[in-house]
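Participant: Residue numbers (the working numbering), protein chains in the order written: chain A, -16 to 564; chain B, -11 to 270; chain C, 23 to 249.
Ideal placement from N, C-alpha and C gives every residue a C-beta, glycine not left out.
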Amino acid sequence: MATHEFAAQESHAHGAPQGFIRKWVFSLDHKVIGLQYYFLALAAVFVGMFLSLLMRIHLIWPTLPLPILGDIKPETYLTLVTMHGTIMVFFVLTTAPQGGFGNYFLPIQIGAPDMAFPVLNMLSFWTTFLGFIVMIAAFFVAGGAPLHGWTGYAPLSALQSSGPGEGLGADLWIISIAIFCIGALMGALNFITTTLDMRAKGMTMMRMPLTVWAWFVTAILGLLAFGVLLSAGILLLMDRNLGTSFFVPLVTINGQLTGHKGGSPLLWQHLFWFFGHPEVYIAILPAMGMASQLLSVFSRKPIFGYKAMVYAILGIGFLGFMVWGHHMFMSGMSPYTAFAFSIMTMGIGVPSAIKTFNWLGTLMRGRIRFTSPMLFAIGFVSLFVTGGISGPFLAQPVLDIQLHDTYFVPAHFHLIMGVASIFGIFAATYYWFPKMFGRMMSESLARWHFWFSFIGTYAIFMPMHYLGMAGMPRRYSQMTEVAYLHDLIPLQKFITYAAFITIAGQLIFLVNLFWSMFKGKKASDNPWEATTLEWITATPPPHDNFGGHTPVVHNGPYEYNVPGAPRDYVMQTDPEIEPAH
Amino acid sequence: MGKAENPTRGARCMGLVLLVIIWLITFVSTYFFIAKTWWLPVGASAAAAGIDHHFTTTFILMGIVFVAAQVSLGGLVWIYRDRGSSSSKVNYSHGNTKLEVVWTVLTTVLFVGLNLASSSIWASERFRAAEADAVRVEVTGMQFAWYFRYPGPDGKFGATNPELEDASAGGEAALGLDTKDPASKDDVVTGTMVVPVNREIEVILRAHDVIHSFFIPTMRFKQDAVPGLAIHMHFTAIQTGEYEILCAELCGLGHYKMHGMLKVVSQEEFDKWLAAREAEKQ
Amino acid sequence: MLDDDGVLPPVRGGGGDDGSGPGLPDYAARLRRARLGLLVALTPVIMLFVSFSSAYVVRQGLPTLDPRTNALVRDWIPVTLPKLLLINTGVLILSSVFMELARRQIRSKATSDPGVFAGDQMRVSWLSMTLVLGLVFLFGQWTAWRQLAANGFYVATTPSSSFVYLLTGTHAVHLMGGVLALFVAGIASLLRRSVATRSIVVDVTAWYWHFMAGLWIYILCLLEFAS
Chain A
-16 MATHEFAAQE SHAHGAPQGF IRKWVFSLDH KVIGLQYYFL ALAAVFVGMF
34 LSLLMRIHLI WPTLPLPILG DIKPETYLTL VTMHGTIMVF FVLTTAPQGG
84 FGNYFLPIQI GAPDMAFPVL NMLSFWTTFL GFIVMIAAFF VAGGAPLHGW
134 TGYAPLSALQ SSGPGEGLGA DLWIISIAIF CIGALMGALN FITTTLDMRA
184 KGMTMMRMPL TVWAWFVTAI LGLLAFGVLL SAGILLLMDR NLGTSFFVPL
234 VTINGQLTGH KGGSPLLWQH LFWFFGHPEV YIAILPAMGM ASQLLSVFSR
284 KPIFGYKAMV YAILGIGFLG FMVWGHHMFM SGMSPYTAFA FSIMTMGIGV
334 PSAIKTFNWL GTLMRGRIRF TSPMLFAIGF VSLFVTGGIS GPFLAQPVLD
384 IQLHDTYFVP AHFHLIMGVA SIFGIFAATY YWFPKMFGRM MSESLARWHF
434 WFSFIGTYAI FMPMHYLGMA GMPRRYSQMT EVAYLHDLIP LQKFITYAAF
484 ITIAGQLIFL VNLFWSMFKG KKASDNPWEA TTLEWITATP PPHDNFGGHT
534 PVVHNGPYEY NVPGAPRDYV MQTDPEIEPA H
Chain B
-11 MGKAENPTRG ARCMGLVLLV IIWLITFVST YFFIAKTWWL PVGASAAAAG
39 IDHHFTTTFI LMGIVFVAAQ VSLGGLVWIY RDRGSSSSKV NYSHGNTKLE
89 VVWTVLTTVL FVGLNLASSS IWASERFRAA EADAVRVEVT GMQFAWYFRY
139 PGPDGKFGAT NPELEDASAG GEAALGLDTK DPASKDDVVT GTMVVPVNRE
189 IEVILRAHDV IHSFFIPTMR FKQDAVPGLA IHMHFTAIQT GEYEILCAEL
239 CGLGHYKMHG MLKVVSQEEF DKWLAAREAE KQ
Chain C
23 MLDDDGVLPP VRGGGGDDGS GPGLPDYAAR LRRARLGLLV ALTPVIMLFV
73 SFSSAYVVRQ GLPTLDPRTN ALVRDWIPVT LPKLLLINTG VLILSSVFME
123 LARRQIRSKA TSDPGVFAGD QMRVSWLSMT LVLGLVFLFG QWTAWRQLAA
173 NGFYVATTPS SSFVYLLTGT HAVHLMGGVL ALFVAGIASL LRRSVATRSI
223 VVDVTAWYWH FMAGLWIYIL CLLEFAS
């Protein structure tokens, strides 16, 4: 058994907390905070899935009354659409990969005892939690939750009279998002400072696992983007409640003048999408880091092109701020500007393609172990490719004329951002569960979960491409009014049935998760035989992660099957291997 | 240390099952694309041929990439599965810089090239203003209907006034047409859009309340109607017939039923129709 | 910093609340980390104001469609800013000077040998004076708002007035955060935090305060000259 070298120093030690409140409620320990974020996201994803199930039912059976909820009116459908998107994007995709796993494992993977600012970390979770409560509250106030979509375009979102739910519900929606912005910014602050300032000796930037690079760049994106979203939210709240006209020109609702004039609806779109586009990379980068990690571990082979992968992450992050206009090709924006944005958008496909090539290159000539985390990593690559392929269609304005605001768009973003990111979360769960809870999850239940999810999500979202090309617009609560849409109802039915089955399959995951916490087979410290620093700690890790010592790093994170090494993996803390080439 | 034991049968099978499922999903979905089971509606505008041609080009190229990537993925996970002691030696490699450069350049050429190839169509659709002799129609979207206004023989659109709007009265009242303006006298407001075939139509898009989007799938035409803006677009219908108009931007609870009809008729029929509408106004 | 074996020397204690000695690597490391944290934290603040600024520039130049005439009109009416804002600016700049004096004073105390204290009185007074001036500035801003309202410029009166309230209000909220930090720094001695910790808190607050002063000058210039 290799011995892990530790620095001959005492690490920065703050004593473990006592008492239930300090240990589990207002904990300053990044590991507990990570779990808090994770379980918040878990609750949110089931809320989000339930909302989408109601949407799918209403689409194909618009007149069917539901138990307890009764009739779903068209405005209710739009409320479901709005809240499904908002909850999923913010409280699941921006919360679990970054706030959940990032908080738990970033300090450990760089050899730090905690995040740079533990009190701020605790506050960031509770702020995010408060945001979630306020968001849910929107359902229960007079008028209900808003119907303006997660994108909240003005003037629809800026006028209280534009529709049901656009009163207090819309205000709460904005306030919730503003609170979320603050929480996310606090988190980003911690991630960046910790990564820059608290790496253990020998952990150079170019020896960091790609998961850490992904969390780091994601945090930078968040740092730059959430302030802009906050600004947009403030302006929108002012338009709605103080009579200002940032986004609202002279309009009439039902023939009634509203008192606004001179504002620009496009200004909202620019501000929103300046945030919104980096946001989708915030949602997917951690999953990309995870995939890189797992493909290497379970091919028993270094990641193909580590440097290229780092540059690709940086490139995606940087270019991510230059493409927001591709959401606005049809908006009335100048067609010249549209053209410029489209070139940049095609450009950002390049680093994503590089990553895909490198993932395939990692698999090639490896020795692949089909553990549950690996299944989801492989599934991630497939879904990412499929979702990515539809991008170049939408990125070309000429084709976007036909496809914008049709089902082709949700086909694209669900596959590449929604499902791919969720697969990253599942993969991370199966992978790190042993380290977090000291037990293994059931592999056979995991396999069932994988196949339900993989086949199920393809069955749901692949047909949406066809619907979009055939001209099915987004956000239609029913397909009864337009003649040619009737022909598309059978395809929608197929999607709804697939959704039922896929969501049912997620219950397998829930059962596996909670059952394994108590009854799973006990796990060793390094059940996957992986090389990164979390696998040298005890299981679960002690309060300060490394038991009073600080690791000293000598190797990169992906040293598998090193020629001449005694076994097929070399820990980052093992003695330095001979340089490869 | 380290597992040198043979992986279980189940684990070895998994590689094959992954290959089969990934390939099956790929081929089934590709089949439906090639068979055009659900496809773009028939194009009936002058721009449709060029746009559809570029669709096809993009489909073929991206389709090849799609199939190649998924087939590779399935193939690789099966071929390089852990076969225990009979596995071939793992290739300890940190990558290949030359290969990185090659596929980076190729991808860039493909993506940017595709986009540039379509740029001339975009330019002709959007950079160029409508021709001077185009038939002008003002299209106004409001919760939840489309109205179409023709300027009439004087060629001028009369003034509208938001304070005069009465949506429940339909037609001219819905637009808030100021009947005192002499230019309004010959304006024709309809709920159906009628245009002559093979003539360029200039559309002036307006919205009263929130953002709507004027979408005619068969004409390969879509443009948001934004309150506070009057957006000028153009298209040319090359086939007579009746075509659906849909709203393609979430505008409230009636978004799903905010649709209209485009009727493309011969020039004579259009002139007759417009004259009849003018006559009704007397 | 490495000794001959290539390892770091032992770190004394955990730093922070136990009154461990300042001036050792731990203090410098903590200060660096705190400053890095502040730099990172200021980035979204900058983005917020960049966003508001771009909205301001866009809105100024945007012609709006008059639906009656179908013509594009420019409806930007510049707001005459109350002269009081110049006085407030002076107050804020002065407070920045006091803040810097407070920062240097506690820093010299923190990095000097323990046991040699300059008078506690002097350190507290620079900090308190900054706090007082900060409150004076905020009161001055509030008064300027009342003057604007008296001249008929409310939040929603014109787009230009909306931006005046927006920019000055958001700045004031951020400055209030700084005032709160000053208050915490001021009572930190009462809470028996070590002088090293107090020095770091004051240092970070000081840089934040200077940033707020700079930001205010930027906002004033934007409102006054970009019209």
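#1: At which residues does the beta strand (DSSP E) containing B/PRO184 begin and terminate?
#2: The segment 220 to 235 of chain A: which residues have C-beta closer than 8 Å to a C-beta of chain C, in chain order?
#3: Determine the chain A residues that contact B/ARG69 at a beta-carbon separation under 9 Å, and present them in chain order.
#4: Using a C-beta cutoff of 7 Å, does A/GLN81 count as contacting chain B?
#5: Considering Cα atoms alone, identify which of B/GLU190, B/PHE223, B/ILE9 is closest to B/ARG124.
#6: Give a yes or no on whether the minimum CB-CB distance between A/ARG39 and chain B is below 7 Å.
#7: Taking the alpha helix (DSSP H) that A/ILE438 falls in, what are its first and last residues?
#8: With distances taken from CA atoms, which of A/LEU233, A/ILE486, A/CYS164 is nearest A/GLY216?
#9: Is B/THR46 close to chain A, meaning its C-beta is less than 7 Å from at least one C-beta of that chain?
#10: Mapping the DSSP letters down to three states, classify A/LYS338 as helix, strand or coil.
#11: Can you tell me whether B/GLU256 is buried or exposed? The criterion is at least 16 other CB atoms within 10 Å of its CB, across all chains shown.
#12: Do A/TYR552 and A/GLU517 have their CB atoms nearer than 7 Å?
#13: Got a sec: which bits of the segment 86 to 97 of chain C sit with their beta carbon under 8 Å from any beta carbon on chain B, in order along the chain?
#14: Under 8 Å by Cβ, that's how I've got A/LEU474 and B/TRP26 pegged, so tell me the actual separation to the nearest angstrom.
#15: Determine the chain E residues that contact B/LEU241 at a beta-carbon separation under 7 Å, and present them in chain order.
#16: Could you list the residues in the segment 107 to 128 of chain A with a C-beta less than 8 Å from some C-beta on chain B, going in chain order?
#17: Strictly under 7 Å for the Cβ-Cβ distance: is B/GLY158 near chain A by that measure?
#18: Taking Cβ to Cβ, would you say B/HIS42 is nearer than 7 Å to B/SER106?
#19: Just curious, the alpha helix (DSSP H) that C/TYR262 is in, first and last residue?
#20: Using only alpha-carbon positions, find the residue among A/TRP498, A/PHE501, A/LEU493, A/PHE529 that is nearest to A/ASP508.
#21: Going by the beta-carbon positions, is the gap between B/ASP166 and B/ASN186 smaller than 7 Å?
#22: Since A/THR520 meets chain B, which of its residues come closer than 7 Å, beta carbon to beta carbon?
#23: What residues in its chain sit with their C-beta under 7 Å from that of B/LEU98, if we drop five residues either side in the sequence?
#24: Quick check on B/ASP40: does DSSP put it in helix, strand or coil?
#25: Along the segment 322 to 353 of chain A, what residues have a CB closer than 7 Å to any CB found in chain C?
#26: By the 10 Å Cβ neighbour count, where 16 or more other Cβ atoms means buried, how is C/CYS243 classified, buried or exposed?
#27: Is there a C-beta anywhere in chain A that falls below 7 Å from the one on B/GLY129?
#28: Run down chain C in chain order and give the residues with a C-beta less than 8 Å from the C-beta of A/LEU76.
#29: Would you verify that the beta carbon of C/PHE74 is, or is not, closer than 7 Å to some beta carbon of chain A?
#30: According to a CB-to-CB cut-off of less than 7 Å, which residues of the segment 150 to 177 of chain A neighbour chain C?
#31: So which residues of chain C does A/LYS284 contact, with C-beta pairs closer than 7 Å?
#32: With a threshold of 6 Å, establish whether the CB of A/ALA321 neighbours any heavy atom of the ligand ZN.
#33: With C/GLU122 as the anchor, note down where its alpha helix (DSSP H) starts and where it stops.
#34: Checking contacts by CB at 7 Å: is B/THR167 closer than that to chain A?
#35: On a CA-only basis, which of A/TRP431, A/LEU139, A/ALA153 is nearest A/GLN252? Give me that one, please.
#36: Would you tell me roughly how many angstroms separate the C-alpha atoms of A/ILE472 and A/ILE43, rounded to the nearest one?
Facilitator: Per the coordinate set shown:
#1: For the purposes of this step, residue 184 of chain B is taken as residue 196 along the second sequence, with counting starting at 1. Note, B/PRO184: beta strand (DSSP E), 181 to 184.
#2: MET221, LEU225, GLY226, THR227, SER228, PHE229, PRO232, LEU233
#3: The sequence position of residue 69 of chain B within the second sequence is 81, counting from 1. Simply ARG350, ILE351, ARG352, PHE353.
#4: Locating residue 81 of chain A in the first sequence gives position 98, where the first residue counts as 1. It does not: the Cβ of A/GLN81 has no partner Cβ on chain B nearer than 7 Å.
#5: To locate residue 124 of chain B, count along the second sequence from 1; it is residue 136. Checking every option, the nearest Cα to that of B/ARG124 belongs to B/GLU190.
#6: Counting from one through the first sequence, the residue named residue 39 of chain A turns up at place 56. No, A/ARG39 lies away from the interface with chain B (no Cβ there is under 7 Å from its Cβ).
#7: Here residue 438 of chain A refers to the residue found at position 455 of the first sequence. Unbroken alpha helix (DSSP H) run through A/ILE438: 426 to 452.
#8: The count along the first sequence starts at 1 and reaches residue 216 of chain A at position 233. Of the listed residues, the one whose Cα sits closest to A/GLY216 is A/CYS164.
#9: As a first step, residue 46 of chain B must be located in the second sequence, where it is residue number 58. So, interface residue.
#10: Residue 338 of chain A sits at position 355 when you count from the first residue of the first sequence. Three-state result, A/LYS338: helix.
#11: Translated into positions along the second sequence, residue 256 of chain B becomes position 268. Flag for B/GLU256 reads exposed.
#12: Your numbering for residue 552 of chain A matches position 569 in the first sequence. Your numbering for residue 517 of chain A matches position 534 in the first sequence. No, the Cβ-Cβ distance between A/TYR552 and A/GLU517 is not below 7 Å.
#13: THR86, LEU87, PRO89, ARG90, THR91, ASN92
#14: Here residue 474 of chain A is taken as the residue at index 491 of the first sequence, counted from 1. Here residue 26 of chain B is taken as the residue at index 38 of the second sequence, counted from 1. Indeed, because the Cβ distance is near 6 Å, the residues count as touching under 8 Å.
#15: No chain E appears in this structure, whose protein chains are A, B and C.
#16: none
#17: In the second sequence, the residue the question calls residue 158 of chain B occupies position 170. No, because no Cβ of chain A sits closer than 7 Å to the Cβ of B/GLY158.
#18: Looking up residue 42 of chain B in the second sequence gives position 54. Looking up residue 106 of chain B in the second sequence gives position 118. Yes.
#19: For residue 262 of chain C there is no data in the structure shown, the boundaries of chain C being 23 and 249.
#20: For the purposes of this step, residue 508 of chain A is taken as the residue at position 525 of the first sequence. Closest by alpha carbon: A/PHE529.
#21: Position 178 of the second sequence, counting from 1, holds the residue named residue 166 of chain B. Position 198 of the second sequence, counting from 1, holds the residue named residue 186 of chain B. Contact flag unset, no.
#22: What you label residue 520 of chain A is simply residue 537 of the first sequence in a count that begins at 1. Per Cβ cutoff of 7 Å: no residues; A/THR520 is ~18 Å from chain B at best.
#23: For the purposes of this step, residue 98 of chain B is identified with residue 110 of the second sequence, where counting begins at 1. LEU49.
#24: Stepping through the second sequence from its first residue, residue 40 of chain B is reached at position 52. Helix, per DSSP.
#25: none
#26: In the third sequence, counting from the first residue as 1, residue 243 of chain C sits at position 221. Result: exposed.
#27: Taking the second sequence and counting its residues from 1, one reaches residue 129 of chain B at position 141. So, not an interface residue.
#28: Along the first sequence, one-based indexing puts residue 76 of chain A at 93. Ordered by position in chain C, no residue passes the 8 Å Cβ test against A/LEU76, which lies about 20 Å from the chain.
#29: Looking up residue 74 of chain C in the third sequence gives position 52. With 7 Å as the cut-off, C/PHE74 counts as an interface residue toward chain A.
#30: LEU168, LEU172, ILE175, THR176
#31: Taking the first sequence and counting its residues from 1, one reaches residue 284 of chain A at position 301. Within 7 Å Cβ-Cβ: nothing; A/LYS284 doesn't reach chain C, min ~31 Å.
#32: This structure lacks the ligand ZN, and indeed carries no ligand of any kind.
#33: Mapped onto the third sequence, residue 122 of chain C falls at position 100. Looking at the DSSP string, the run of the alpha helix (DSSP H) that includes C/GLU122 is 106 to 133.
#34: The residue given as residue 167 of chain B occupies position 179 in the second sequence. Cβ-Cβ to chain A under 7 Å: no for B/THR167.
#35: Taking the first sequence and counting its residues from 1, one reaches residue 252 of chain A at position 269. Among A/TRP431, A/LEU139, A/ALA153, the Cα nearest to that of A/GLN252 belongs to A/LEU139.
#36: Here residue 472 of chain A refers to the residue found at position 489 when the first sequence is read from its first residue. Here residue 43 of chain A refers to the residue found at position 60 when the first sequence is read from its first residue. So the two alpha carbons sit approximately 7 Å from each other.
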